[in-house]
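Q: A single structure is presented below for examination.
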Amino acid sequence: MSQTHPTVNFHKPRVILGEGKDEQFFFSGLIKYLQIKDIQIEVYGGKDNLKQFLKAAPLIPGFSSVVALGITGDADASFTSKSQSIQRQISEFRGYPNVSSDLRINYFILPDHQNSGMLEDLVLKTLSDKEMSCIEEFISCMESSTSRRIHNFSKAKVNAWLASQDKPDRRLGEAAQAGYIDWEHSACERLIEFVQNL
Numbered sequence: 080m081s082q083t084h085p086t087v088n089f090h091k092p093r094v095i096l097g098e099g100k101d102e103q104f105f106f107s108g109l110i111k112y113l114q115i116k117d118i119q120i121e122v123y124g125g126k127d128n129l130k131q132f133l134k135a136a137p138l139i140p141g142f143s144s145v146v147a148l149g150i151t152g153d154a155d156a157s158f159t160s161k162s163q164s165i166q167r168q169i170s171e172f173r174g175y176p177n178v179s180s181d182l183r184i185n186y187f188i189l190p191d192h193q194n195s196g197m198l199e200d201l202v203l204k205t206l207s208d209k210e211m212s213c214i215e216e217f218i219s220c221m222e223s224s225t226s227r228r229i230h231n232f233s234k235a236k237v238n239a240w241l242a243s244q245d246k247p248d249r250r251l252g253e254a255a256q257a258g259y260i261d262w263e264h265s266a267c268e269r270l271i272e273f274v275q276n277l
């Protein structure tokens, strides 16, 4: 198995696939909060590697015991484009040998399964107005005070928020595991529904 697919085996009946380690930790934090014990979180190693992972998945020990597969990814610039891409790959995957017609497959495109953006945008929606005001003021100050220009505002804002925590060196996924995310915020409702209904 390549480095992109480090899984030794599938050991739980429901599997959620994320793009990378941050997503793996993020979803691990979510299922811990939801007290769900039968979901395994795996990564496919970046948006360009989903097809490769799905091609290898039926060869991974334990795959025949998987009853539900949930695929996640960032919409980035276009929800529609990302949705069409994942749908095509699911269609191809269903035609592979050893893929049961009974396998339930669903997908969720971050941040909210309808708009462009990424995981970080979902997290930003859960923050209070006061927190966002402070973060935006900091970002604006840094841009006006230096010659640096920020190219990914969502990531920059999340990193500023993370830097304000008691342990400022945590990555986003680690912060989710540590309980920093407000899972009860309405912005998380659709994602939680996706996970629970998988």
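Under the numbering used here, the first residue of the sequence shown carries the number 80, and numbering increases by one thereafter. Glycine included, each C-beta is placed from N, C-alpha and C at the ideal position. Please read these numbers as outputs of a predicted model, since none were measured by experiment.
#1: Go through its chain and collect everything with a Cβ distance to Ala239's Cβ below 7 Å, but skip five positions before and after it.
#2: With DSSP as the reference, label Val122 as helix, strand or coil.
#3: Quick one: which unbroken alpha helix (DSSP H) runs of 4-plus residues sit fully inside the region 226–276? Chain order, please.
#4: Excluding the 5 residues preceding and the 5 following Met80 in the sequence, name in chain order all residues of the same chain whose CB lies nearer than 6 Å to its CB.
#5: Provide the residue(s) that pair with Ala147 in DSSP beta bridges, ordered along the chain.
#6: Between Glu210 and Glu263, what straight-line distance do the alpha-carbon atoms span, to the nearest angstrom?
#7: Can you tell me which of Phe105, Pro92, Ala266 puts its alpha carbon nearest to the alpha carbon of Tyr259?
#8: According to DSSP, simplified to helix, strand and coil, what is Asp191?
#9: Give the straight-line distance between the Cα atoms of Gly196 and Ser143, rounded to the nearest whole angstrom.
#10: Within 10 Å of its beta-carbon, does Lys161 have 16 or more other beta-carbons around it, so buried, or fewer, so exposed?
#11: Looking only at its own chain, which residues have a Cβ that is under 7 Å from the Cβ of Phe172, when we skip the five neighbours before and after it?
#12: Taking 8 Å as the cut-off, decide whether the C-beta atoms of Asn185 and Gly149 are in contact.
#13: Just to confirm, are Ile118 and Ile95 a CB contact at a threshold of 8 Å?
#14: When the Cα atoms are used, what is the spatial distance from Lys91 to Gln275?
#15: Cβ atoms of Gly252 and Gln114: under 8 Å apart, would you say?
#16: Helix, strand or coil for Gly99 per DSSP?
#17: Using the C-alpha atoms, what's the distance from Cys267 back to Ala156?
#18: Could you give the distance in angstroms between the alpha-carbon of Gln244 and the alpha-carbon of Ala254?
A: In terms of the structure at hand:
#1: Ile214, Phe217, Ile218
#2: Looking at Val122 - three-state DSSP - the assignment turns out to be strand.
#3: 232–242, 251–256, 268–276
#4: With a pLDDT of 41 at Met80, under the threshold of 50, the predicted position of this residue should be treated as unreliable, though the coordinate-derived value follows. So the list is empty, once near-sequence residues are dropped.
#5: When beta bridges are read from the DSSP output, Ala147 appears opposite Arg93, Arg183.
#6: 17 Å
#7: Phe105
#8: coil
#9: It is roughly 34 Å from the alpha-carbon of Gly196 to the alpha-carbon of Ser143.
#10: buried
#11: Only residues of its own chain outside the window of five on either side were considered, and among them Leu133, Val178 have a CB closer than 7 Å to the CB of Phe172, listed in chain order.
#12: It is a contact, given that the beta carbons lie within the stated cut-off.
#13: yes
#14: 15 Å
#15: Gly252 is positioned such that its CB atom lies no closer than 8 Å to that of Gln114.
#16: Correct three-state label for Gly99: coil.
#17: Ala156 and Cys267 have their C-alpha atoms spaced approximately 21 Å apart.
#18: Between Gln244 and Ala254, the C-alpha separation is close to 9 Å.
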